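First up is the structure itself, then whatever we jot down about it.
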Amino acid sequence: MSNRENFTSTFGIIAAAAGSAVGLGNIWRFPYVAGQNGGGAFLIIYILIVLILGVPLLMSEMMIGRRAQANVIGSFKKLGPKSSIIIGIIGLLAAFLILAFYSTVGGWTIHYIYASINGEVFHTDYQNYFFNFKDNSFLPLLWQIVFLVLTAVIILGGVKKGIEKCSKIMIPTLVLMLIILVIRAVTLPGAGSGVNFFMKPDFSKVTGTTFLAAMGQAFFSLSIGMGAMLTYGSYIQKNENLNFISTSTAITDIMVAILGGLVIFPTLFSFNAAPDQGPGLIFVTLPAIFEQMPWGAGFSTIFFVLLLIASISSSISLLEVIVAVLKEELRWSRTLSTILTTISVIILGVFATLSWNTFQNIFLTTASGNKMYIFDIFDYLSSNILLPLGGLLIMIYVGWYLKKDIFYEELSSGVHKKFTLALRPIIFFIVKYISPIVILLIFLNGIGVF
Ligand code: TRP
């Protein structure tokens with residue numbers, strides 16, 4: 076155990092954890108899911124769920140990793156029982172699947188930086204431009220490989236010099252760029268109606284599915300349910316305060332989602348674009364809008380650089396889950412583990428990226444008649460099945476197997492305030508009873524039982 080790497084400062088830990096949480100989920104997925112679910116009302120429900128359910132989940136994952144001082148497989152091996160290793164296997168599977176399609180979108184982002192700088196994304200039929208790029212060329216594959224190699228280079232640097240150091244630079248840069256964009260967006264003519272849509276709750280649009288959509292979004296956005304936070308937790312030293320770390324991570328995640336919304340909605344409303352058009356939203360709509368703004372190419376470049384930073388600081392947390400397992404369980408070097416993992420992810424990722432190209436004939440048809448290509452199947456399998464299942468098992472594991480003593484102990488280290496200590500029974504109650512029930516509901520919804 077002695078030569079395990081650790082994060083070196085509280086700020087470094089929070090930067091890494093917030094870097095994992097803040098990603099495409101906040102800036103690309105959150106605005107369009109909020110747009111489809113009534114804007115302001117969704118925002119309030121989402122914030123409540125992150126604080127009440129997300130934070131205890133975040134704590135639970137971190138405490139397993141820190142307790143065991145091991146990766147997602149090794150932790151369950153050490154803490155037992157043997158059967159709990161299944162949680163690690165689910166986590167590994169989810170890491171591969173999420174990386175495969177996350178890197179597709181990461182690759183699109185790099186292309187859009189390039190296309191913003193040389194201007195080819197402007198003064199064109201932007202919809203055609205996106206679909207031609209995505210469906211009829213092999214460029215997305217090239218950019219996906221670039222994205223994964225960038226991710227791998229950081230992971231090769233290790234926990235301290237790779238993950239922690241880069242996150243400490245990336246997170247402040249990201250917040251700064253976001254603030255520049257927010258100022259631009261809210262000062263556009265007609266921006267007020269966008270701010271209104273996003274901030275003014277309309278509870279008449281809230282139904283059962285709104286809650287479930289908000290919970291699913293919270294889960295994906297906080298990176299919980301597959302051991303990414305467990306792996307990062309294993310690099311957190313004993314004297315650090317997990318209450319503070321998990322709360323700061325969640326608050327950063329919420330803030331970036333709000334700032335992201337304050338960029339997207341005012342911009343959309345200012346140019347009369349619909350807020351509910353789904354996943355194509357930023358790649359199709361935003362370039363068209365940037366084109367009409369003064370300094371548009373500059374803002375477009377800043378936007379996609381921001382998206383790239385956010386997605387790389389998330390993809391490193393996914394890659395590290397697998398690398399840590401190979402390194403510690405098979406005793407491979409970090410270099411060999413990273414190279415082999417990256418090659419495997421690239422191979423799997425080809426199927427996601429060429430979903431609408433070479434593999435366009437492979438799809439499932441949903442009950443509502445929509446086609447689910449390989450990309451969508453990877454997304455569905457991981458977000459709607461593996462994450463809720465993994466999260467459910469982790470909560471049951473912590474609440475019913477690890478027990479109160481360990482839970483209380485882990486939430487006491489580094490804590491000096493009586494108030495924080497007094498919260499422990501409430502958090503434990505949520506972990507043991509409330510969370511499993513709630514996660515089960517998301518899961519049943521995800522697989523279409525309701
Ligand atoms: N949370 C990231 C986002 O919002 C994505 C992500 C990174 C993730 N690591 C994860 C999602 C682990 C689930 C599990 O974009």
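Take my numbering: the final residue in the sequence shown is number 525, and no numbers are missing along the way. We put the beta carbon where it would ideally sit given N, CA and C, even for glycine. A quick note: this is a predicted structure, and the numbers were derived from the prediction, not measured.
Asked	Found
Can you tell me which residues form a DSSP beta bridge with F438?	Y448
For S268, which residues in the same chain have their Cβ closer than 7 angstroms to its Cβ, ignoring the five residues on either side in sequence?	F344
Along the chain, where does the alpha helix (DSSP H) containing R409 start, and where does it finish?	R409 to T428
Using alpha carbons as the reference points, say which of I238, G283, L486 and P362 lies closest to G194.	P362
So does the region 124-143 actually touch the region 307-321, counting three or more Cβ pairs closer than 8 angstroms?	yes
Contact between the region 330-346 and the region 160-180 is defined here as three or more beta-carbon pairs at a separation below 8 angstroms; is this criterion met?	no
Entirely within the region 313-347 and at least 4 residues each: give me those alpha helix (DSSP H) ranges in chain order.	317-345
Take I299 as the anchor and find which of N146, L467, T433 and F434 has the nearest alpha-carbon.	L467
Which residues in the same chain have their Cβ closer than 7 angstroms to the Cβ of I509, if we skip the five residues on either side of it in sequence?	none
Closest to W544 by CA distance: which of E315, D451, L394 and F319 is it?	Past the boundaries of the shown model lies residue 544; the chain is included only from 76 to 525, so the question cannot be answered.
Rounded to a whole number of angstroms, what is the C-alpha to C-alpha distance between L439 and D454?	13 angstroms
Excluding the 5 residues preceding and the 5 following M76 in the sequence, name in chain order all residues of the same chain whose CB lies nearer than 7 angstroms to its CB.	A caution first: M76 carries a pLDDT of 45, below 50, which makes its placement in the model unreliable, though a value can still be read off. Around M76: Q144.
Express the C-alpha separation of L214 and F418 in angstroms, rounding to a whole number.	Here the sequence assigns Ile to residue 418, which means Phe is not the residue at that position. If you take the alpha carbons of I418 and L214, they lie about 18 angstroms apart.
Quick test of the definition: if touching needs 3 or more C-beta pairs under 8 angstroms, does the region 107-124 touch the region 398-407?	no
Could you check whether N146 and E315 sit closer than 7 angstroms to each other, using their CB atoms as the reference points?	no
Since I believe M304 is in contact with M470 (beta carbons under 8 angstroms), could you give me their beta-carbon distance rounded to a whole number of angstroms?	Actually they do not touch by this definition, with Cβ atoms about 13 angstroms apart.
Tell me which residues share the same chain as S321 and place their Cβ nearer than 7 angstroms to its Cβ, disregarding the 5 neighbours each side in the sequence.	V130, L133, M134 and M137
Kindly indicate which residue of L429, I414, L381 and F117 has the alpha-carbon position closest to the one of L251.	L381
If contact is defined by three or more beta carbon pairs under 8 angstroms, each pair taking one atom from either stretch, is the region 261-275 in contact with the region 495-509?	no
Could you tell me the distance, in whole angstroms, from the CA atom of G155 to the CA atom of A427?	35 angstroms
Evaluate contact between the region 199-208 and the region 380-396, counting only Cβ atoms and requiring at least three cross-stretch pairs below 8 angstroms.	no
What does DSSP give as the partner residue(s) for P276 in the beta ladder?	G114
Could you name the residues of the same chain whose beta carbon sits closer than 6 angstroms to that of H186, not counting the 5 residues immediately before and after it, in chain order?	W218
Classify Q144 as helix, strand or coil using the three-state DSSP reduction.	coil
Mind listing, in chain order, the continuous alpha helix (DSSP H) runs of no fewer than 4 residues lying wholly within the region 463-491?	478-485
Quick check on DSSP: helix, strand or coil for I404?	For the record, residue 404 in the displayed sequence is Glu; it is not Ile. Helix, per DSSP.
I'd like the list of long-range same chain contacts for F378, defined as Cβ closer than 7 angstroms, with 5 residues on each side in sequence excluded.	L256 and L361
Can you list, in chain order, the residues of its chain with a C-beta nearer than 7 angstroms to that of T226? Leave out the 5 residues immediately preceding and following it.	I387, S390, I391 and L394
I need the straight-line Cα distance from L423 to F434, nearest angstrom please.	13 angstroms
For a quick check, are the C-beta atoms of I246 and G94 less than 7 angstroms apart?	yes
Measure the beta-carbon distance from E526 to V234 and round it to whole angstroms, keeping in mind my assumption that it falls under 8 angstroms.	Here the chain comprises residues numbered 76 to 525, so residue 526 is not present and cannot be evaluated.
Under the rule that 16 or more other beta-carbon atoms within 10 Å means buried, what is S443, buried or exposed?	exposed
Compute the minimum distance between the beta carbon of S488 and the heavy atoms of ligand 1, and state whether it is under 6 angstroms.	no
Would you list, in sequence order, the uninterrupted alpha helix (DSSP H) runs of no fewer than 4 residues that lie entirely inside the region 221-283?	240-261 and 266-274
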